Amino acid sequence: MTDRTLLLAGNWKMNHDHLEAISTVQKLAWALEDAKLDDSQCEVVVVPPFTDIRSVQTLVQGDKLWLRYGAQDVSRHEPGAHTGEIAATFLARLGCTYVVVGHSERRADNHETNDVVAAKVKAALGHDLLPILCVGESLAQREEGSHVDFTLTQLEESLEGLGADDLQGLVVAYEPVWAIGTGKTATAEDAAEMATAIRGRLRERYGDALADSTRILYGGSVKTDNVADILVSDDVDGALVGGASLSGPDFAALCKAAV
Ligand code: PEP
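Numbering (my numbering), first residue to last: -3 to 255.
Written as structure tokens, this is what we have:
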């Protein structure tokens, strides 16, 4: 047991338009209530596409739901001439608490380097958004045994230029690329090994207070029937969930299984 609040974040990726988002959040809220879950047991977060955020905000704030929400990416730039980008300040004004940064799909599809990811982490923190920084190795790196070194280097480079004071509220998601959307889940031991290594590196670089307060999630094919196992280690503080967060009732069942 730790003082860190269990965090279950549902990354919808590019699924659900704004109408589907409303129905999904309503069903999630009802199912959480039926399951008698509340914010004393865990923090539940939905991370919809940008175009859904206003709808989610209206629902959450209008119905005073205890759910939180975030965005899947953020611009590294301040508002200005950057066509197609979404500034951190816009997300903050829409009531987002979190922003996912450096997801492996963005690193692959949009060639996001660690430098770019670090600039996005900085932009998010500068507007009081809590980054969920994704790191994790490929299958080839795991098979050759370089997964820990690779992931820790990615972590350090993605936080370049930031100090312990800047990083309050940071969340790190360990997401082995080979486990995302593949149905292959890391074992509880794999997740624990990496979460412990990440916390250790945060301790070395930023000191005890930041290492002890930073939540470290596991992500990669987490489902209702494997989430409890994944969370056994004291260093794993929650999960970043893709496919299994798309249905409100299913995500609520997963959250129930996690507490
Ligand atoms: C993710 O998108 O971050 C993820 C972990 O996806 P999935 O749960 O579908 O593997």
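C-beta atoms are modelled at their ideal positions from N, C-alpha and C, and glycine is treated no differently. Quick caveat, the model's predicted, so the values are computed rather than measured.
Taking the Cα positions, Thr109 is about 7 angstroms away from Arg103. Three or more Cβ pairs drawn from the stretch 87 to 105 and the stretch 126 to 137 lie within less than 8 angstroms of each other, which places the two stretches in contact.
The way I'd put it, the stretch 33 to 51 does touch the stretch 233 to 251; three or more beta-carbon pairs between them come closer than 8 angstroms. Excluding the 5 residues flanking it on each side, Val173 has same chain C-beta neighbours closer than 6 angstroms at Ser100, Gly132, Ser134, in chain order. In the DSSP assignment, Glu153 falls within the alpha helix (DSSP H) that extends over 143 to 154. Spatial neighbours of Lys118 in its own chain (CB-CB distance under 8 angstroms, excluding positions within 5 residues in sequence) are listed in chain order as Arg72, Gly157, Leu158, Asp162.
One alpha carbon belongs to Leu24, the other to Leu242, and they sit about 10 angstroms apart.
The residues Leu90, in chain order, have a CB closer than 6 angstroms to that of Ile49 in the same chain once the five nearest residues on each side in sequence are set aside.
For Ile128, the uninterrupted beta strand (DSSP E) segment begins and ends at 126 to 131. Contact check for Ala84 and Leu236: beta-carbon distance about 20 angstroms, past the 8 angstroms limit, so the pair fails to qualify.
Residue pairing by DSSP puts Ile212 in a beta bridge opposite Val168.
Collapsing the DSSP output to three states places Gly6 in a strand. For Leu135, the secondary structure class from DSSP, reduced to helix, strand or coil, is helix.
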